[in-house]
Amino acid sequence: PACLVLGGETTVTVQGRGKGGRNQEVALGAALSLDGWEKVMVVALATDGTDGPTDAAGAIVTGQTVARARARGMDPADHLARNDAYPLLAALGDLILTGPTGTNVNDLAFVLAF
58 PACLVLGGET TVTVQGRGKG GRNQEVALGA ALSLDGWEKV MVVALATDGT DGPTDAAGAI
118 VTGQTVARAR ARGMDPADHL ARNDAYPLLA ALGDLILTGP TGTNVNDLAF VLAF
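Everything in the sequence shown is counted per this note's numbering, starting at 58 for the first residue and increasing by one.
Right, here's the structure in full:
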């Protein structure tokens, strides 16, 4: 078992007109990279509780996230290309919803292997 902790703040080059935030994009991109992997999880979140113009702080994904999305008829790569991570992650119940936290110490990401 291992846990990698990352801090900082990612940036996104917006090319689409979708809904989401930088941490949701990190999570969805990780899900695509980890597709099919067992016993791995990525958590990406904004410590202030607000990721982009959404009510989510971020998202949690696993190696099964892409398969779960495709089973619902959703294309994760297309959502990522359109900067539209929020609707996909919301449909899967994978968003982190904290509300405003009253603090801001950058973004955090956790990569867990178990």
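Just so you know, even glycine gets a beta-carbon here, dropped at the ideal spot from N, CA and C.
Excluding five sequence positions before and after A124, none of the CB atoms of its chain fall closer than 6 Å to its own CB. Within the segment 73–147, the alpha helix (DSSP H) runs of at least 4 residues that lie entirely inside it are, in chain order, 79–90, 122–128, 133–138.
Residue pairing by DSSP places L152 opposite A116 in a beta bridge.
DSSP places F167 in the uninterrupted beta strand (DSSP E) bounded by 164–170. Contact check for L152 against L89 fails: the beta carbons are separated by 8 Å or more.
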